[in-house]
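Residue numbers (the working numbering), protein chains in the order written: chain A, 1 to 367; chain B, 1 to 367; chain C, 1 to 367. Comments concern the structure below.
Have a look at this one:
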């Protein structure tokens, strides 16, 4: 019976007690994507975010609105009611709420009682995303929304996708920060055997964690070789994975011919927003926006890359789902031994842990 | 972020601590309908009532019998055994029980040990219902069975229906006591817009809670207009909802032409027994018997009203099912702000709360 | 309301506190069948045994291997990885483990860290079975593997089957030690009405519990009558049920003509290994190997008996599944009144209880 050495296991268990995992409280003082902009319209949209049940819609003047999906009267879900102008009418006893969540009509009585209302979530729309703030509303500073400015920029063309991921958001972040998994999880899609062994540099500051991996020279997988025309075995593939916030991870990659000086040839760049919005402890809204800065007019490239990437991202979803099955079972003996390439992920999980602790200590957002 | 005022929420939470809800203990000292009379026959019927698994059958001389569905020997469900004359033979090791629940045969030994038996539930058959008593059997007083005497009376004709409701019985009672929901839940079936705003009177005494709502003048929905012929917009619709016991709610309604004196014209009356028998905390046997005092010979009226009513009652089942989804999730922040029309329902829930507390305090029925 | 006498129920509840049941801890210091030998090959086999998730395979030189199905790195199931020679490569980040569970490669770094590994379970192959040891590996004494030597013996011919039983292993053992259930559970298959009333002898020593039941004279059911030719009503059927270990129960039966002296006629014998390997508290791997010492060359007899027996054993699986539904619900009032024929089963459950207690007290196998 082989086992990790006792000292290793104990050290791992001690380290884990300072790292966020699926059981960590949600971090409230952050912006999270609650929906793609084009999902929010004149039909009531029901969605659980950070464990909170929300109903969303867009007002007649175009503003996205999110409120708690529970009537203040008898807890009936407002999403089962009707949208009437810019108000929601509860489907049970007809209480009507305005866009600010105030109850403005109780049909069974002439005068509407004062002070009844439901919680609303401050929302801000930016490019393809609707961001929501789950902490104290007085702290909802738009300047803290993670930047994705290239998405509102004609120099890039994008496609978007979504997974209802049956796994937790911490594991998704960890997956994204250690791309050595490309050689194994994505062996049949966009990984290559040399990926796991490629040299890398790490950097972290102020809650950002970045790892840059240089696979040079390499043979690109079809998803990149075909649109760039770099079909040979001396391509360069420089990938940066960056945790920018609990609600945003950006992967960018540059491709070029490693045998030519960069300055004299085209460099192709792609950027993918991986947007993990916690749904419950064990599930995540996984929004994806994939962009490129080349072949901007060619929609067949968009479709080709989107198809290929979805095959790969679906592999991640399967991995994270299997992992969640393990992690969701309580196991007092659990250990996770970290290796060198876990550096950025461990730092990120420590950061999330500290943030999560602070989130508990701060006053409840319901106040 | 709008929210109910803190004082409102705190007052609501304080009030809720004195009101029964899905988590309240069952009230044992009551009669509950365990089955329609025509469900209990010579096949073993398995059903959970007040959390207790029962097996039921009818003896050769016609008496309904209910006993705990668990052999005293190794807990095998008796409902998986066989009915033999007036005895049940366990399907595992063959122990035989008589109609009183006494074990009268152990096949593997010559003499049957004394004192082995399973609990039986006192049953009484009344019209379409079989009522059972779940408290101490010495207190099983038939006089306490709620009266539904019109069901045994040739002046009324009835139809019966059943839902296995995925919601708790307290919410069903509350639904029935506040019919302002007709304008919203039943907007497409038997509700009308004026219903929620109609004047009402309330009355309560000795554990009965009654609300009478007068919608006058009104246009009746087809379910009532068609059989009564009151198709105009000056009909009177006088509805009384009455909580008569934890196991019975009766809704009666009278219809007539509001422009004529009542004495000079026909008054049409319907009465519906809504029978909520708790199954588990979160599910209810919802028996329904609907009766009318007119068009007694016309079975097409029976069928028409039954179809129409079932559409409406199914809407309630959907509402209560959605509500149960919310209520079943533990939420320490939950609040329910009551409005004026909740008066009778709040009084009823306070009454159930007190009864439920008393039920815990009293000696266990298993004794 | 009949009930068992209070004194009987209290005595039963007191007795139950000293008897193993579905909630008892697993007994680790024992050998259990983890798989049929022919299930373990060059494909990774995933299976939960005693609550532990395992991955199994066979090395190139034919040795069966079982290890914990969880990478030491980030807990990803190894069964979702790949078998490469005699090593398993994790499907997430590529850590490679040898047959002893030692991590021998971390692709993202040049040198493999020392001391990383996963637990392996000592395995021994015996005839159709692969046995595994879940206690401390230093105690894994092959001499303690229950003997099934006839299975490796040309004088017997066998068939094998398997059920993923949705019931606990204690109930399966109890089922096997009280065959009075044949008259009821198997009334349509291999039970006969006289079975439950037949005389029996019991014997127990050193953790073995045996009951021998003599049904003489009797009419054999088709499964035995047809292959033996004993179609009359004066057959002898002598059955011994023997609990040999927590992981093995053997039922053997002899059939002959009760009107002739045994010495002057053929005696037909069958032996069935019932192998209950706990999967979780509420589920059991139920391996079955059925053997006979007659008609050795006749494969149609093998198939006939196998079909007939599986009909009967499926009846047990249904019974135990229904029973588990009852036992899995917490019920502080539960009682189980034992009768005379429960003697061996009660003794067996007391023995398992003591063993389970000792299993908790002993040092954890993970050490």
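We put the beta carbon where it would ideally sit given N, CA and C, even for glycine.
Closest in C-alpha terms to residue 124/B, from the list 70/B, 65/B, 260/B, comes 65/B. At a cut-off of 9 Å between C-beta atoms, residue 68/B does not count as an interface residue with respect to chain A. Within the segment 178-221 of chain B, the complete beta strand (DSSP E) segments at least 3 residues long are 200-205, 208-218, listed from N- to C-terminus. Buried is the label assigned to residue 218/A, since at least 16 other Cβ atoms lie within 10 Å of its Cβ.
In the structure shown, the three-state DSSP call for residue 173/B is helix.
Restricting attention to 347/A, 16/A, 31/A, the CA atom closest to the CA of residue 206/A is found in 347/A. Among the residues facing chain A, residue 278/C is not included, as its CB has no counterpart in that chain under 9 Å away. Looking only at 150/C, 39/C, 169/C, 25/C, the smallest Cα-Cα distance to residue 356/C is reached by 25/C. In this structure, residue 177/A keeps its C-beta atom at 9 Å or more from the C-beta atom of residue 190/A.
Within the segment 144-160 of chain C, not one residue has a Cβ closer than 7 Å to any Cβ of chain B.
If the five residues before and after residue 296/C are omitted, its C-beta is found closer than 6 Å to the C-beta atoms of 157, all from its own chain and listed in chain order.
Under the criterion of beta carbons closer than 8 Å, residue 285/A and residue 251/A do not qualify as touching, at roughly 18 Å. Linking residue 353/A to residue 52/A through their CA atoms gives a straight-line distance of about 21 Å.
In the assembly as shown, residue 329/C is an exposed residue. Its beta-carbon has fewer than 16 other beta-carbons within 10 Å.
Scanning its chain for C-beta atoms nearer than 6 Å, with the 5 sequence neighbours on each side dropped, one finds no residue around residue 333/A. The alpha-carbon of residue 122/C is positioned some 14 Å away from that of residue 102/C.
DSSP, read as helix, strand or coil, puts residue 233/A in coil. With fewer than three CB-CB distances shorter than 8 Å, the segment 193-206 of chain A does not count as touching the segment 306-323 of chain A. For secondary structure counted as the alpha helix (DSSP H) over 4 or more consecutive residues, the segment 218-296 of chain A holds these complete runs in sequence order: 222-228.
In this structure, the CA atom of residue 12/B is about 11 Å from the CA atom of residue 116/A. Between the C-alpha atoms of residue 259/B and residue 235/B there is a straight-line separation of about 8 Å. Taking 9 Å as the cut-off, the Cβ atoms of residue 32/C and residue 49/C count as close.
Under the three-state reduction of DSSP output, residue 70/A falls in the coil class, being neither helix nor strand. Per DSSP, the beta-bridge partners of residue 125/C are 130/C. The beta carbons of residue 134/C and residue 30/C sit closer together than 9 Å.
Using a CB distance below 9 Å, the part of the segment 86-97 of chain B facing chain C consists of 89, 90, 91, 92, 93, 94, 95, 97, ordered along the chain. Between residue 336/B and residue 16/B, the beta carbon gap of about 6 Å places them in contact (Cβ cut-off 8 Å). Sequence-distant partners of residue 361/B (beyond 5 residues in either direction) whose C-beta falls short of 7 Å from its own C-beta are missing from its chain. Contact check for residue 339/A against residue 185/C fails: the beta carbons are separated by 9 Å or more. Contacts with chain B (Cβ-Cβ distance below 7 Å) from the segment 286-319 of chain C involve 319, listed in chain order.
Think of a sphere of 8 Å around the beta carbon of residue 334/A: the chain C residues whose beta carbon falls inside it are 75, in chain order. Scanning chain B for C-beta atoms nearer than 7 Å to the C-beta of residue 106/A yields 339, reported in chain order. Contacts with chain A at 9 Å (Cβ-Cβ) include residue 180/B. DSSP, reduced to helix, strand and coil, places residue 335/C outside both helices and strands of the structure shown, so it counts as coil. Residues of the segment 214-240 of chain A with a C-beta atom less than 8 Å from some C-beta of chain B do not occur.
According to the DSSP assignment, residue 14/C belongs to the alpha helix (DSSP H) that extends over 6-16.
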